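S.K.: Once you've had a glance at the structure underneath, I'll fire off some questions.
Rendered as structure tokens:
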């Protein structure tokens with residue numbers, strides 16, 4: 001949102017893994033979720049993906065702001 005003109009989303013939903021730009025998604029009322037626990041551990045390690053822990057059989061998880 002440059003110059004105060006544009007969107008000010010309150011929620012960010014990342015698929016597969018949190019994106020690097022998520023570090024700029026900050027604010028006291030912001031919410032960030034990541035969904036898609038289908039990345040094998042070996043692939044996550046190969047690409048240095050920082051994936052959150054998914055409790056139980058959950059398919060998405062709420063992340064802290066900033067992540």
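Residue numbers (the UniProt record's numbering): 1 to 67. Just so it is clear, CB atoms sit at the ideal spot from N, CA and C, and this is done for glycine as well. Here the structure is a predicted model, which means the values were calculated and not measured.
(1) Ignoring anything shorter than 4 residues or poking outside the segment 34-62, list the alpha helix (DSSP H) runs there in chain order.
(2) Can the beta-carbon of residue 34 be found less than 8 Å from the beta-carbon of residue 9?
(3) Quick one: using the 10 Å Cβ neighbour count with 16 as the cut-off for buried, is residue 47 buried or exposed?
(4) Looking at the secondary structure, which residues open and close the beta strand (DSSP E) in which residue 5 lies?
(5) Measuring straight from C-alpha to C-alpha, what distance separates residue 40 and residue 50?
M.R.: According to the data block:
(1) The qualifying runs are 41-46.
(2) Position 34 of the chain shown, counted from the first residue, corresponds to residue 34. Position 9 of the chain shown, counted from the first residue, corresponds to residue 9. Cβ distance not < 8 Å, so residue 34 and residue 9 don't count as in contact.
(3) Walking along the chain shown from the start, residue 47 turns up at place 47. Residue 47 is exposed by the Cβ-count criterion.
(4) Taking the first residue of the chain shown as position 1, residue 5 is located at position 5. Segment: none, residue 5 is in no beta strand (DSSP E) and carries neither H nor E.
(5) Counted from its first residue, the chain shown places residue 40 at position 40. Counted from its first residue, the chain shown places residue 50 at position 50. Roughly 12 Å separates the two Cα atoms.
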